[in-house]
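Enquirer: First the structure, which I've put down as structure tokens, then a few questions once you've had a look.
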Amino acid sequence: MPVDVVTIPGVELVRVGVHEISTGTWVVSREDLADAVAASKAGILADPVIKLGHEGPLAGGAPALGRVRNLRLAQSGDLLIGDFVDVPRALAAVMPKAWPQRSVEGLVDFAADDGRTYRFVVTGCALLGAVRPGVDGLADIADVCTLYGVAAGSGRRVVVACVPPRIGAPDPRRARAVAVARARRTRIQRITLGA
425 MPVDVVTIPG
435 VELVRVGVHE
445 ISTGTWVVSR
455 EDLADAVAAS
465 KAGILADPVI
475 KLGHEGPLAG
485 GAPALGRVRN
495 LRLAQSGDLL
505 IGDFVDVPRA
515 LAAVMPKAWP
525 QRSVEGLVDF
535 AADDGRTYRF
545 VVTGCALLGA
555 VRPGVDGLAD
565 IADVCTLYGV
575 AAGSGRRVVV
585 ACVPPRIGAP
595 DPRRARAVAV
605 ARARRTRIQR
615 ITLGA
């Protein structure tokens, strides 16, 4: 049975600048981004995996929701972009609304087996929804999809579940998450409808 996947080309990943990220202040230079491209082209590590958020209940067992390939520089070396490949079509359809931003994960000053030290190597890309990324000024996924005509963002409803519900007594964390999601949907509907 063929897998229904899509490619979202030209996704903005990192911009040169000083960024306040979860681990502290990160100063990104053109050299860092150039090394990320060089490391990718040299095949230093496997293609970065796309996942939902940086952390989650499944930890290392979370599914890979695609890969980041074809890393390259744009805007005179100030912007690192890549293609999201092998993204499930259902995820791509809701990505512009549910996970419009992203945040890369990587290694700084990575000493590779070839003897070279790379200033930055991309190892993963977390899709972000409710949390803003540490790197400001990146285009939303919806903007990228519109630019390239990718069929993402249709009105089709898709439900994504990461953890099966527990049998027996209700889990208070799940009940809280459901209540927060319901409130968020209601707030979005009010904003959309102008109420």
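For any residue, its number in this note's numbering is found by taking its place in the sequence shown, counting from 1, and adding 424. In this text, a Cβ means the ideal position worked out from N, Cα and C, and glycines have one as well. The model shown is predicted, which means the values in this text are computed figures rather than measured ones.
1. With a threshold of 6 angstroms on Cβ separation, who are the neighbours of residue 548 within its own chain once the five nearest residues in sequence on each side are excluded?
2. So does the region 485–504 actually touch the region 435–449, counting three or more Cβ pairs closer than 8 angstroms?
3. Where DSSP assigns a beta bridge to residue 515, which residues make up the other side?
4. Tell me which residues share the same chain as residue 560 and place their Cβ nearer than 8 angstroms to its Cβ, disregarding the 5 neighbours each side in the sequence.
5. For residue 597 and residue 605, I'd like the C-alpha separation in whole angstroms.
6. Would you kindly work out how many angstroms separate the C-alpha atoms of residue 509 and residue 464, rounded to a whole number?
7. Under the rule that 16 or more other beta-carbon atoms within 10 Å means buried, what is residue 587, buried or exposed?
8. Should residue 446 go down as buried or exposed, given a rule of 16 or more other Cβ atoms within 10 Å for buried?
9. Under the three-state reduction of DSSP, which class applies to residue 555: helix, strand or coil?
10. Mapping the DSSP letters down to three states, classify residue 436 as helix, strand or coil.
11. Under DSSP, the alpha helix (DSSP H) around residue 527 begins and ends at which residues?
12. Can you tell me where the alpha helix (DSSP H) with residue 454 in it begins and where it stops?
Expert: Judging by the given coordinates:
1. Position 124 of the sequence shown, counting from 1, holds the residue named residue 548. So the list reads 472, 473, 529, once near-sequence residues are dropped.
2. yes
3. Counting from one through the sequence shown, the residue named residue 515 turns up at place 91. Beta-bridge pairing links residue 515 to no other residue.
4. Looking up residue 560 in the sequence shown gives position 136. Around residue 560: 439, 441, 443.
5. Sequence index remark: in the sequence shown, residue 597 carries index 173 (1-based). Sequence index remark: in the sequence shown, residue 605 carries index 181 (1-based). Rounded to the nearest whole angstrom, the C-alpha separation of residue 597 and residue 605 is 12 angstroms.
6. Taking the first residue of the sequence shown as position 1, residue 509 is located at position 85. Taking the first residue of the sequence shown as position 1, residue 464 is located at position 40. Distance between residue 509 and residue 464, taken at the CA atoms: about 15 angstroms.
7. For the purposes of this step, residue 587 is taken as the residue at position 163 of the sequence shown. In this prediction, residue 587 scores a pLDDT of 47, lower than 50, which makes its location untrustworthy; the coordinate-derived value is nonetheless stated afterwards. Exposed, because fewer than 16 other Cβ atoms sit within 10 Å of the Cβ of residue 587.
8. In the sequence shown, residue 446 corresponds to position 22, counting from 1. Exposed.
9. Within the sequence shown, residue 555 is the residue found at index 131, counting from 1. In the structure shown, residue 555 sits in coil (DSSP, three-state: anything other than H, G, I, E or B).
10. Here residue 436 is taken as the residue at index 12 of the sequence shown, counted from 1. Here residue 436 sits in strand by DSSP.
11. To locate residue 527, count along the sequence shown from 1; it is residue 103. Where residue 527 is concerned, there is no enclosing alpha helix (DSSP H), although the beta strand (DSSP E) it sits in stretches over 525–535.
12. Walking along the sequence shown from the start, residue 454 turns up at place 30. That run of the alpha helix (DSSP H) goes 454–466.
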